[in-house]
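Chemist: Per the working numbering, the sequence shown starts with residue 369, numbered consecutively.
Even for Gly, the Cβ is constructed at its ideal location relative to N, Cα and C.
Could you have a look at this structure, given as structure tokens, before my questions?
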Amino acid sequence: MQNEHQIFGIRAVIEAIVAGKNIDKVFIQKEAKGELMQELMKTMKKHNINFSYVPVEKLNKLTRNNHQGAIASISPVSFLSIEQLVEGILEKKDNPLFLVLDQLSDARNFGAIIRTAECTGVDGIIIQKQGAAPVNGDTVKTSAGAVFNMPICKVDHIKDAVFYLQGSGIKTVAATEKTENNIYDIDFSGGVAIIMGSEDKGVNPSVLKIVDEKAKLPMFGTISSLNVSVACGAFLYEAVRQRL
Numbered sequence: 369m370q371n372e373h374q375i376f377g378i379r380a381v382i383e384a385i386v387a388g389k390n391i392d393k394v395f396i397q398k399e400a401k402g403e404l405m406q407e408l409m410k411t412m413k414k415h416n417i418n419f420s421y422v423p424v425e426k427l428n429k430l431t432r433n434n435h436q437g438a439i440a441s442i443s444p445v446s447f448l449s450i451e452q453l454v455e456g457i458l459e460k461k462d463n464p465l466f467l468v469l470d471q472l473s474d475a476r477n478f479g480a481i482i483r484t485a486e487c488t489g490v491d492g493i494i495i496q497k498q499g500a501a502p503v504n505g506d507t508v509k510t511s512a513g514a515v516f517n518m519p520i521c522k523v524d525h526i527k528d529a530v531f532y533l534q535g536s537g538i539k540t541v542a543a544t545e546k547t548e549n550n551i552y553d554i555d556f557s558g559g560v561a562i563i564m565g566s567e568d569k570g571v572n573p574s575v576l577k578i579v580d581e582k583a584k585l586p587m588f589g590t591i592s593s594l595n596v597s598v599a600c601g602a603f604l605y606e607a608v609r610q611r612l
């Protein structure tokens, strides 16, 4: 199915990157070769473009056109720098609420999280440039359009974002099962950033080492974990409860 937020063909993708188009992610056919493909790889690395290798079947599903082994996903929204996001919000309020997503990769989960974040008054979402879920049609649909109202920032590394937030006086709280601290014992009333991990691995251990606090949700069933968007909603609404 053709998507209005796609560019296909190696040369077209190269030109889009060089022209400064808001490329969210590039899908490259596994084992694709050739001089033009090498030029694309160099261009992506030079401009720090998020890309992943996929089987040709995935590319064929994304478009019926001649993709030549490369399809770029164009983001329907623009992204802020962390300085623009954090400083801009701190000028307006003393107790901002930020959400940091560490390697969340599913577009529908991302959309659901954006929708909940918008409903709970989150001031901005921070994601990593490489490996993060794309902002595509699925994201827009599952966010119910909330993605257009939510400031989103992309950073090179989540650790850098955590250090920057801490340096700006924002408390960082990671959602993880690897702690004895209960979510209901954490103070979310001040300036805080809640960090949620990926669907399969959770928050990166290197990030867990540097956050201010860690917290878990109490679990009573036989399944040991919640869907990340549901867990995120529970954390955000505890912050809302404390701030009311």
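Does the contact criterion of 3 or more C-beta pairs under 8 Å hold for the stretch 489–505 versus the stretch 461–470?
Modeler: Touching, yes.
Chemist: Which same chain residues, not among the five before or five after Leu-404, have their C-beta less than 7 Å away from its C-beta?
Modeler: As a first step, residue 404 must be located in the sequence shown, where it is residue number 36. For Leu-404, where only same-chain residues beyond five positions count, the Cβ hits under 7 Å are Ile-378 and Arg-379.
Chemist: When DSSP labels each residue in this structure, what does Met-564 get in the three-state scheme?
Modeler: For the purposes of this step, residue 564 is taken as residue 196 along the sequence shown, with counting starting at 1. If DSSP states are grouped into helix, strand and coil, Met-564 belongs with the strands.
Chemist: In three-state DSSP terms, what is Glu-399?
Modeler: Counting from one through the sequence shown, the residue named residue 399 turns up at place 31. Three-state DSSP puts Glu-399 in coil, outside helix and strand.
Chemist: So, with DSSP's three-state summary, where would you put Phe-603?
Modeler: Your numbering for residue 603 matches position 235 in the sequence shown. Correct three-state label for Phe-603: helix.
Chemist: Please state whether the Cβ-Cβ distance between Met-564 and Val-596 is less than 8 Å.
Modeler: Numbered from its first residue, the sequence shown carries residue 564 at position 196. Numbered from its first residue, the sequence shown carries residue 596 at position 228. Their beta carbons are under 8 Å apart, which means Met-564 touches Val-596 by this criterion.
Chemist: Using beta carbons (cut-off 8 Å, strictly below), is Ile-563 in contact with chain D?
Modeler: The structure shown contains no chain D; it is built from a single protein chain.
Chemist: With 16 other CB atoms within 10 Å as the buried threshold, where does Met-412 fall?
Modeler: Here residue 412 refers to the residue found at position 44 of the sequence shown. With 16 or more Cβ atoms within 10 Å of its Cβ, Met-412 is classed as buried.
Chemist: Within the stretch 520–571, note down every full alpha helix (DSSP H) run reaching 4 residues or more, in order along the chain.
Modeler: You should have 526–535.
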